[in-house]
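Worksheet for the structure shown next.
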Amino acid sequence: MLAFSVGWGAPGVWIGLASGLGVVAVLMTLRWSRYNRLAAVA
Numbered sequence: 001m002l003a004f005s006v007g008w009g010a011p012g013v014w015i016g017l018a019s020g021l022g023v024v025a026v027l028m029t030l031r032w033s034r035y036n037r038l039a040a041v042a
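Everything in the sequence shown is counted per my numbering, starting at 1 for the first residue and increasing by one.
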């Protein structure tokens, strides 16, 4: 998206990849901490 629609080229691909991986890492960490909290209660 950043590479073609915004016109950033190759750096846009890497920025998009890094930001996407960062978002997924945060979401998976939140999911893991929620799972552990629920497992500790049960």
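From the three backbone atoms N, C-alpha and C, an ideal C-beta is built for every residue, glycine too.
On a predicted model such as this, the values are computed, not experimentally measured, just so you know.
Can you tell me whether residue i is helix, strand or coil according to DSSP?
i: Val23; result: helix
i: Val41; result: helix
i: Gly7; result: coil
i: Met28; result: helix
i: Leu17; result: helix
Which residues in the same chain as residue i place their Cβ atom closer than 8 Å to its Cβ, once the five residues preceding and following it in sequence are excluded?
i: Ile15; result: Leu2, Trp8
i: Ala10; result: Ala3
Using the C-alpha atoms, what's the distance from residue j back to residue i?
i: Val41; j: Leu30; result: 17 Å
i: Val45; j: Arg37; result: Residue 45 is absent from the structure shown; the chain starts at 1 and stops at 42.
i: Arg34; j: Val26; result: 12 Å
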